[in-house]
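Data first, discussion second: the structure below is written as structure tokens.
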Amino acid sequence: MFLTIQAHQYDTHRPLLDDMYRLRKKVFVDEAKWTIPHQNGREIDRYDTLGPAYLVWCNSERTRLYGSLRLLPTTGPTLLYDTFRATFPGDACLAAPGIWEGTRLCIDKAKLGEDHPDIQPVRAFGLMLLALGECALAHGIHTMVTNYEPHVSRVYTRTGLSVDEIGRADGYGRFPVCCGVFEVSENVITAMRHKLNVGLPLYRHAHLPSIIRNAAAPRNSGTRKVAAHA
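To convert, count from 1 in the sequence shown and add 4; that's the numbering used here.
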């Protein structure tokens, strides 16, 4: 199931959030080799103290975390403006009530392999993005903005999502960092469902629909394509 955890629900979902912080440390620090703060096996930054919403993918008992994503309104502090300001044009204004930032998207490939071995990592990435679109639409968000490394754009294409790259910059690591935006609309979600062969809504769905498990999954051509997402 895919659900959001908002600030007033943190205590209720504390075990899931703890698993999320641990997964982020594994994906971004251990695997992607990002130089970011971490402590006690968890990756937590200052934006996690600002009451963000988290989109999580878990089992119906909410005891197994498969993926997560952090959501922040661009009207407040964001990685986009505080860290990655050089990745988009100076005259571009991406701070508005209907524009939100998505960061720290990651997938637990090990748990997915155990519980859903037929879902390949790239497909899992696509399902998270589709659930994000459904979640954003349900909450009145019309545009999502994100930073990513160039190779991730190929994964977006394979999942049916059209991301408009508005800029990129060097100096953040081994690869340039891109800034991309994508529209949140019924048309976009319909196109993604068609590409991913998903017939039912994912967001807040109680169980993983069989159509998701049984559909032909895009094959992953490399771990970093899933992991390296701001």
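Glycine residues also receive a C-beta, built at the ideal position from the N, C-alpha and C atoms.
**Request:** Use the C-beta contact count for Lys113: other C-beta atoms within 10 angstroms, 16 or more gives buried, fewer gives exposed.
**Result:** buried
**Asked** Just reading off the beta strand (DSSP E) that Ile170 is part of, what are its end residues?
**Response** Asp168 to Ala173
**Request:** Kindly indicate which three-state DSSP category Met5 falls into: helix, strand or coil?
**Result:** coil
**Item:** Candidates Ala96, Ser72 and Arg172: closest to Ser157 by CA position
**Value:** Arg172
**Asked** How should Ser214 be labelled, buried or exposed, when 16 other C-beta atoms within 10 angstroms of its C-beta is the threshold for buried?
**Response** Only weak support exists for where Ser214 lies, its pLDDT of 41 falling under 50; the value from the coordinates is given anyway. Classification of Ser214: exposed, given that the 10 Å Cβ count is below 16.
**Item:** Straight-line gap, Gln43 to Arg26 (C-alpha atoms, nearest Å)
**Value:** 10 angstroms
**Request:** Please report the residue range of the alpha helix (DSSP H) in which Phe129 lies.
**Result:** Pro125 to Ala142
**7 angstroms Cβ shell around Glu47 - same chain, five flanking residues per side excluded** = Tyr25, Arg28, Lys29, Phe32, Val33 and Ile40
**Prompt:** Does the separation of the CB atoms of Val185 and Val149 fall below 7 angstroms?
**Reply:** yes
**Request:** Under the assumption that Phe6 contacts Trp61 (Cβ atoms under 8 angstroms), give the Cβ distance between them as a whole number of angstroms.
**Result:** 5 angstroms
**Item:** Host alpha helix (DSSP H) of Arg18 (start-end)
**Value:** Arg18 to Arg28
**Message:** I'd like the list of long-range same chain contacts for Ile170, defined as Cβ closer than 8 angstroms, with 5 residues on each side in sequence excluded.
**Reply:** Phe92, Pro93, Ala96, Cys183, Gly184 and Val185
**Request:** Output yes or no for whether 7 angstroms exceeds the beta carbon distance between Thr67 and Ala99.
**Result:** no
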